[in-house]
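Residue numbers (the working numbering), protein chains in the order written: chain A, 95 to 489; chain B, 95 to 489; chain C, 95 to 489; chain D, 95 to 489.
Glycine residues also receive a C-beta, built at the ideal position from the N, C-alpha and C atoms.
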């Protein structure tokens with residue numbers, strides 16, 4: 095009979111999280127659980143969470159498992175028990191917080207999109223690269239890279255399963271604002287969110303397509319659309335859901351973005367990001383077609399990867415539905431037996447686990463701020479192309 | 095005991111078919127069988143088929159069930175026992191044959207694309223409209239409209255199931271020329287085929303998207319791509335398959351086409367037509383998203399239609415997989431019990447059945463040459479947009 | 095210019111068909127078209143169809159393409175222009191017609207189930223085996239064996255893809271009599287149909303499971319169920335659909351059959367045949383699990399076969415969705431390009447093509463009457479097991 | 095700025111967990127996280143975990159988040175800070191521990207199957223019912239009931255969506271012991287596990303079928319099979335995976351169980367539980383067919399429920415694929431936005447959340463030990479039927 099001695103075998107890694115809404119809840123779950131499933135060299139200590147309103151922040155701390163709370167994010171930079179700042183706020187504050195944190199010597203995990211403008215992202219990247227020289231590390235939170243099926247897809251591409259890449263076909267389809275009475279939450283306001291479907295969900299498929307293929311977009315052509323121009327101002331806006339009042343305001347971001355791209359490897363890529371795909375809830379889909387085979391994925395069935403081997407005899411070829419839950423698959427050995435699937439939140443657990451290991455080892459995590467900047471440049475090129483009548487535009 | 099008296103109860107409708115390859119075989123199957131499953135006011139009489147080479151044409155006539163054959167298509171225009179000319183040749187000869195046939199007072203069924211150029215299509219349409227005044231009818235062979243699932247989808251749209259249309263998402267994915275050793279068959283030669291993936295399969299999804307939605311594309315932006323520039327000259331080119339020799343020739347059409355469009359109803363449409371989607375054999379997919387619901391289809395599962403009703407309570411909403419094989423579905427009552435699916439060729443049987451009925455009734459069939467011309471104009475606008483750096487281009 | 099000379103290159107094979115309802119329509123379609131797609135050494139001549147009512151039979155002959163008609167099936171046995179008798183009547187008349195036809199020297203194609211009783215099937219088989227010695231051939235119409243996906247599955251099993259067989263999981267799910275107001279058509283009457291779901295659709299999955307695996311059932315245990323005891327007597331019963339009157343009659347066959355079996359190869363097989371699986375229209379499903387792999391099929395998606403290779407590394411294994419439309423697949427080269435699927439009726443075209451080839455070559459077709467008898471014995475054992483309280487019963 | 099005050103707003107509920115392998119890890123995850131997502135009236139305090147080996151138990155405590163550990167389960171019964179005993183051991187020790195815990199006044203959550211024999215289960219149920227009179231509560235851990243899709247399916251059945259139930263079709267297909275070299279772990283030993291596929295996974299589908307339908311099995315007929323008689327003795331047996339040595343031992347449980355059942359509502363149910371369904375990893379499937387509709391589920395796609403409404407017009411009917419991730423769905427509001435799916439472990443989080451609420455409210459949790467006993471009786475009847483040659487056997 096005995097008591098467990100917390101902290102003996104793994105030094106703590108003090109964490110401060112800024113923001114506690116949708117992303118904050120997902121990150122907290124990951125901070126709480128990563129070391130329960132993965133052997134981590136440092137044990138995350140959830141020391142402080144920061145929000146704007148005192149009461150709500152205190153409740154969030156209690157609920158999400160943070161030992162303390164503050165309403166001033168600058169507080170956390172002065173704390174000795176904070177080695178990591180995890181930024182879960184809307185995009186308009188990313189640059190200021192991240193730069194300050196890095197300059198204060200804190201490792202930074204920053205939610206995507208890295209920033210609302212290329213200029214901010216460039217500044218952040220420069221600061222991050224300088225900080226890396228001092229052993230201060232940074233990562234941008236493209237969590238979907240850590241979906242086991244997609245991490246495995248990356249391995250397959252590296253193994254040559256796709257061969258010479260011809261097509262990337264990426265879609266991120268949601269439908270949560272189909273109703274014109276859905277209120278004008280912060281994600282629909284350009285000053286807070288930077289952009290709409292493009293920056294929120296389009297950013298994910300741009301990042302993923304480059305991550306999976308190992309190729310970068312060099313030019314894009316596309317356009318942004320807004321179907322609903324005015325919406326009720328929210329009475330209590332929080333995250334993805336809210337109730338609207340009677341007063342209307344201008345929607346200032348895109349409802350949907352459609353664009354094509356050419357990669358430095360000669361492939362043709364198409365992208366569609368929309369919040370108006372009625373009936374599609376979180377259909378983040380990506381398909382690669384190449385000379386040797388194809389890979390297809392849909393997040394609505396996130397434990398499956400579909401792989402076609404075109405080098406097999408024609409009579410035997412077909413898309414294989416791989417349940418990405420075998421011990422041999424990325425991250426899967428930490429969890430349950432084959433066929434016992436994982437969920438959305440696990441992408442964050444994997445992200446945190448990898449981040450903690452990199453921090454402990456002093457190696458640079460990926461995706462880096464530079465990766466985030468590259469995505470930002472693609473999004474910016476799409477906006478410029480849209481403004482220029484859909485013409486091809488260099489990234 | 096008795097013998098059946100052919101022709102008593104239905105007058106014959108004499109048919110001549112020009113061309114006997116892939117499309118010719120499909121049309122012949124339809125001419126042979128349409129009156130076996132549908133009550134037709136006229137009984138098709140397969141009187142003559144026309145090809146270039148005597149021996150091969152004679153063999154085709156025998157095989158496909160044509161009573162006679164000829165190597166000069168002008169012959170058939172002079173025959174009194176020919177009331178219909180069915181044009182199944184490559185696109186470069188459509189205009190000449192169709193115009194002559196209409197002027198000779200023959201009803202015309204012309205395979206798609208209507209022509210290889212807008213100018214030809216305009217001429218054909220003008221001649222067709224004049225002919226219609228004389229009771230001489232014409233139709234362009236967008237056979238996929240008669241897929242029961244898609245004919246039913248059109249009914250659903252008319253019923254308001256989709257509501258205000260937001261998105262059209264259309265893809266036609268094939269992979270039959272992924273191998274760079276696949277030879278330079280006529281479908282890869284601009285002078286014969288007019289264009290590549292764009293005109294061959296892109297034409298289908300342009301037509302379908304306009305047919306299903308009842309909306310027309312007003313402007314498009316896109317681009318064409320060629321992945322393989324040179325291929326072996328074919329030793330014996332016929333239809334979709336052939337063996338290549340050692341000499342190389344220039345591919346003169348596109349391998350893939352990607353474009354977006356705006357409709358006169360305010361929807362945003364995306365299109366991808368490619369012959370390089372490894373593992374996708376005949377994945378003609380189309381999805382409509384609107385304020386009230388969505389409809390999705392994939393020809394690789396052609397007996398299914400997926401319909402989402404967004405007016406249902408959220409907890410009960412989901413894409414319904416309708417097996418479009420009930421007696422209440424378009425064309426289905428003529429065939430087998432529910433769940434006993436149909437195949438590719440049935441789209442032609444339905445097309446012929448409808449065409450024969452229209453001819454008997456003296457009503458104008460759809461899709462008309464004008465519909466074919468409209469598709470041609472869209473394809474032309476895509477080519478112009480591609481030449482203009484993907485800029486928005488009026489149809 | 096010329097006329098086609100019918101009959102020069104292929105001698106005619108005179109066919110008489112007995113019965114012209116659902117199965118008769120499907121067989122007629124096959125007789126009309128088999129030689130259009132397959133090179134057959136004999137050309138089917140659809141000389142005479144036989145039915146009970148004169149007017150309806152004459153109309154059927156006209157509609158289905160038979161040159162003559164009769165109301166007495168014995169007539170056809172005396173005709174010199176009849177070499178094949180194709181029996182499409184309900185099971186209660188199979189034995190009498192088949193025996194007479196074989197003894198008259200006519201080749202026989204007999205719809206399944208071979209007979210309504212084991213005794214009849216035994217007699218038929220004995221007569222058939224004697225006839226075979228005189229060059230008179232016979233076949234039982236388990237058409238689903240000629241579904242390309244299932245014919246290919248058989249090849250895969252022979253190739254060793256499944257390895258040592260452990261499980262067979264077969265279901266045939268329909269729902270056409272869920273409504274208790276559906277009338278008492280002949281398929282629900284024991285004297286006509288022999289049995290209900292068991293003999294009608296259960297027979298198919300018993301045959302298929304033995305065909306695919308190459309193993310025979312040695313004992314079975316199961317039971318039959320009837321959910322609706324009385325139904326309206328039909329006013330105009332024909333085939334699968336009819337309208338019911340106000341008078342009720344006793345349903346005398348099973349609505350559903352559930353049974354297990356042990357094979358001579360040590361596998362455990364399960365079967366379910368039902369007409370009460372609401373929403374399942376023609377879900378004939380079969381899955382094989384073995385030491386090396388698995389194969390799965392569902393007729394509602396009849397152009398697909400799903401194959402799992404358990405000898406691949408665990409991380410790469412998964413069910414492959416093979417579109418069985420490649421030229422290398424059984425029967426597929428005769429039809430359309432890859433991805434252009436076939437339908438229900440094609441199983442009959444393939445059956446007729448194979449039958450004609452066997453008749454021309456003088457080789458015994460499969461499935462033979464002996465195969466049909468074996469299925470009949472299994473069905474009989476299931477009935478006996480059901481009567482004996484579900485106990486294991488030798489076939 | 096402040097610190098969170100743990101425990102102020104919710105009194106602690108002291109928990110002891112016995113066993114820490116596969117189920118222990120899953121339960122621990124649930125105990126750690128339930129109150130983070132659900133508002134619970136009591137806050138679980140993970141006070142002590144019990145195992146056999148000291149070192150491994152201490153490590154498990156540390157890893158899984160238990161404050162203390164012991165190697166004698168009786169210790170925990172004497173602790174004042176333990177109100178709940180959570181039993182995650184193999185079935186052979188359930189009865190002893192559960193009875194002692196209940197008699198010591200501890201609430202008990204016991205993993206399924208409730209016990210290895212009916213006699214034990216009866217004793218446990220009697221003790222549990224007496225304890226309930228003293229406010230001491232108990233629950234058996236059929237976690238799959240708390241899969242959101244299945245909890246919702248139950249609501250749909252109660253709402254009448256299925257109508258008069260005709261068929262239950264339940265399968266639990268796994269493949270983890272297909273390889274005869276897989277070692278003889280405890281789950282393959284009768285003295286530890288009670289039975290094989292039947293008790294381990296068959297128990298789940300028996301429970302679920304009764305839970306979903308609200309009907310009880312009254313008699314069953316079936317049989318158990320063993321494909322591999324001898325396996326390597328494990329060198330280090332733990333949970334589902336282990337490496338085998340060279341010595342062989344007798345497998346003493348079934349590899350597969352197949353049975354049918356009749357319910358007190360007149361439905362016919364079929365069950366198959368196997369660990370030899372090559373390629374099926376955790377395919378727990380259940381389908382209900384009734385007069386008004388059908389419901390289908392497969393755990394390999396656990397966020398989906400397929401619902402067919404047979405009262406809709408035939409042309410519009412089809413299985414609806416509902417993503418069970420809407421706020422209106424059971425448990426879903428606690429988690430992520432629509433389309434962001436959950437995983438296997440969430441079933442345990444829901445189970446714990448419901449259990450804690452019941453304990454706080456003093457209401458009896460479900461499934462009760464009596465429910466577990468009923469399942470045990472079904473399993474026992476299946477074994478007796480198997481011994482009696484598959485004959486119908488009363489539950």
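Spatial distance of residue i from residue j (CA atoms)
i, j, result
"residue 457 of chain A", "residue 250 of chain B", "57 angstroms"
"residue 325 of chain A", "residue 277 of chain A", "6 angstroms"
"residue 163 of chain C", "residue 136 of chain C", "22 angstroms"
"residue 484 of chain D", "residue 312 of chain D", "15 angstroms"
"residue 329 of chain D", "residue 187 of chain D", "23 angstroms"
"residue 282 of chain B", "residue 195 of chain B", "28 angstroms"
"residue 377 of chain B", "residue 349 of chain B", "16 angstroms"
"residue 107 of chain C", "residue 466 of chain C", "24 angstroms"
"residue 322 of chain C", "residue 274 of chain C", "6 angstroms"
"residue 151 of chain C", "residue 183 of chain C", "13 angstroms"
Beta-carbon neighbours of residue i, restricted to chain D and to distances below 8 angstroms
i, result
"residue 379 of chain A", "The contacting residues do not exist; residue 379 of chain A stays about 12 angstroms from chain D at best."
Proximal residues of chain C, C-beta to C-beta of residue i below 7 angstroms
i, result
"residue 372 of chain D", "383, 384, 387, 388, 402, 404"
"residue 413 of chain D", "373"
Environment of residue i [buried if 16+ CB atoms lie within 10 Å]
i, result
"residue 174 of chain D", "exposed"
"residue 252 of chain A", "exposed"
"residue 447 of chain B", "buried"
"residue 202 of chain C", "buried"
Nearest-angstrom beta carbon gap, residue j and residue i [assumed within contact, 8 angstroms]
i, j, result
"residue 352 of chain C", "residue 354 of chain D", "5 angstroms"
"residue 428 of chain B", "residue 236 of chain B", "Contact flag wrong, Cβ pair sits at about 20 angstroms."
"residue 46 of chain D", "residue 206 of chain D", "Nothing can be reported for residue 46 of chain D, as the shown portion of chain D is limited to 95 through 489."
"residue 248 of chain A", "residue 412 of chain C", "Actually they do not touch by this definition, with Cβ atoms about 18 angstroms apart."
Under 7 angstroms by beta carbon: chain D residues contacting residue i
i, result
"residue 362 of chain C", "319, 350, 352"
"residue 157 of chain A", "130"
"residue 272 of chain C", "385, 404"
"residue 410 of chain B", "416"
Residues that residue i contacts on chain B, provided the C-beta gap is smaller than 7 angstroms
i, result
"residue 485 of chain A", "483, 484, 485"
"residue 97 of chain C", "161, 162"
Amino acids of chain D, ordered along the chain, whose beta-carbon sits closer than 9 angstroms to that of residue i
i, result
"residue 85 of chain C", "Coverage of chain C is limited to positions 95 through 489, which leaves residue 85 of chain C absent and any answer about it impossible."
Listed by chain order, chain B residues near residue i by CB distance under 8 angstroms
i, result
"residue 315 of chain A", "315, 317, 483, 484"
Under 8 angstroms from the C-beta of residue i: neighbouring residues of chain A
i, result
"residue 275 of chain B", "The premise fails here: residue 275 of chain B is roughly 11 angstroms from chain A at the closest Cβ pair, so nothing lies under 8 angstroms."
#### Entry: Segment contact flag, the segment 136–148 of chain D with the segment 170–188 of chain D, C-beta cutoff 8 angstroms, min 3 pairs
Contact holds between the segment 136–148 of chain D and the segment 170–188 of chain D, because three or more Cβ pairs, one in each stretch, are under 8 angstroms apart.
### Query
Are three or more beta carbon pairs between the segment 465–480 of chain D and the segment 295–313 of chain D nearer than 8 angstroms?
Enough Cβ pairs lie closer than 8 angstroms, so yes.
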